[in-house]
Amino acid sequence: MPPQINITNDLRLRQVFQTKALLMHRNERHLQLVRVNERRSIELTLPDPIAILLEDHGLQFELCDVLERIADGLPDNVDRTMSAAVVAVLRVGMPRHMRFEEEVLFPLLRLRAFWEDDLDHVLSQLELEHESDESFALEIADELEALAINGQAKNAEMLGYMLRGFFDSQRRHIEWENTIVIPLARRVLTHDDLHALRERLLDDTPSRRAHGSLLGLHEIIERAGGHGERRNTI
Ligand SMILES: [Fe+2]
Ligand SMILES: [Fe+2]
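Pasting the structure below:
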């Protein structure tokens, strides 16, 4: 006698398998969507390296304001704590910012916007200014260190002259970068470029709040009650 086929049971089994397969497919699809959303939200919460650079420029404007206040207070009315804080920024924070631009940002801009007229000329000029500003900053740091320790500048007239020359050229330099470099970076840098910038900045993050950072100076200024109207950056 041939085996009897129980059609009802067979159909039920098929329905069970189909339902299971459908559920597994839905679960897999759901997991895929969750993973995509997680990736998107991680990317959305990652710091924007260009915004961090702009923030640094805002802090550099603050540094210029502090230097101007020191120059105005010479020879007798100078905040020694502020002078000591500025020394660390001139020796550590500013060079770190310049190296970031020269070693990471400018090479990427040269690569992605080689067709831009005058770009190489502009970036070369900014690099030259870094070189002269850095050695100027170190000279000023030595003078301000003596001022912070002794309460008197070695030569107040000369220091005033050096400070004014320095903050004037710094303000021009930052304006140029905010007007030309930052908008260009926003336009031409790829997702991978921004990742490379972010990696370098994150490497540097532990030291951003530490000794010599621009952010550290900002906190000292805030604790000291600010310094009047803050300049706006782009
Ligand atoms: Fe620069
Ligand atoms: Fe800069």
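Quick note: the sequence shown uses this note's numbering, first residue 21, plus one each step.
Glycine included, each C-beta is placed from N, C-alpha and C at the ideal position.
Ligand 1: which residues have Cβ under 6 Å from any of its heavy atoms, chain order? 118, 121, 146, 150, 193, 197
State the DSSP-derived secondary structure class of residue 98, mapped to helix, strand or coil. coil
May I ask which residues mark the beginning and end of the alpha helix (DSSP H) holding residue 161? 139-170
Is the beta carbon of residue 95 less than 8 Å from the beta carbon of residue 218? no
Compare the Cα-Cα distances from residue 142 to each of 215, 122, 212, 77 and report the closest residue. 122
Candidates 238, 91, 83, 81: closest to residue 173 by CA position: 91
Where the alpha helix (DSSP H) through residue 188 begins and ends: 176-196
Rounded to a whole number of angstroms, what is the C-alpha to C-alpha distance between residue 171 and residue 98? 8 Å
At a threshold of 7 Å, does residue 215 count as lining ligand 2 (C-beta to nearest heavy atom)? no
What's the gap between the Cα of residue 220 and the Cα of residue 189? 27 Å
Let's test the definition: count the other Cβ atoms within 10 Å of the Cβ of residue 192 and tell me whether it reaches 16, buried, or not, exposed. exposed
C-beta atoms of residue 80 and residue 194 nearer than 8 Å: yes
Rank 82, 77, 167 by C-alpha distance to the C-alpha of residue 241 and give the top, closest one. 82
Below 7 Å, is the gap between the Cβ of residue 77 and the nearest heavy atom of ligand 2? yes
Environment of residue 162 [buried if 16+ CB atoms lie within 10 Å]: exposed
Report the option in 87, 214, 85 whose CA atom is closest to the CA atom of residue 128. 214
Quick check: what's the CA-CA separation for residue 239 versus residue 76? 13 Å
Which one of 185, 175, 72 has the shortest CA to CA distance from residue 157? 185
Supposed close pair residue 168, residue 107 - CB separation, criterion 8 Å: 7 Å
Within 10 angstroms of its Cβ, does residue 131 collect 16 or more other Cβ (buried), or is it exposed? exposed
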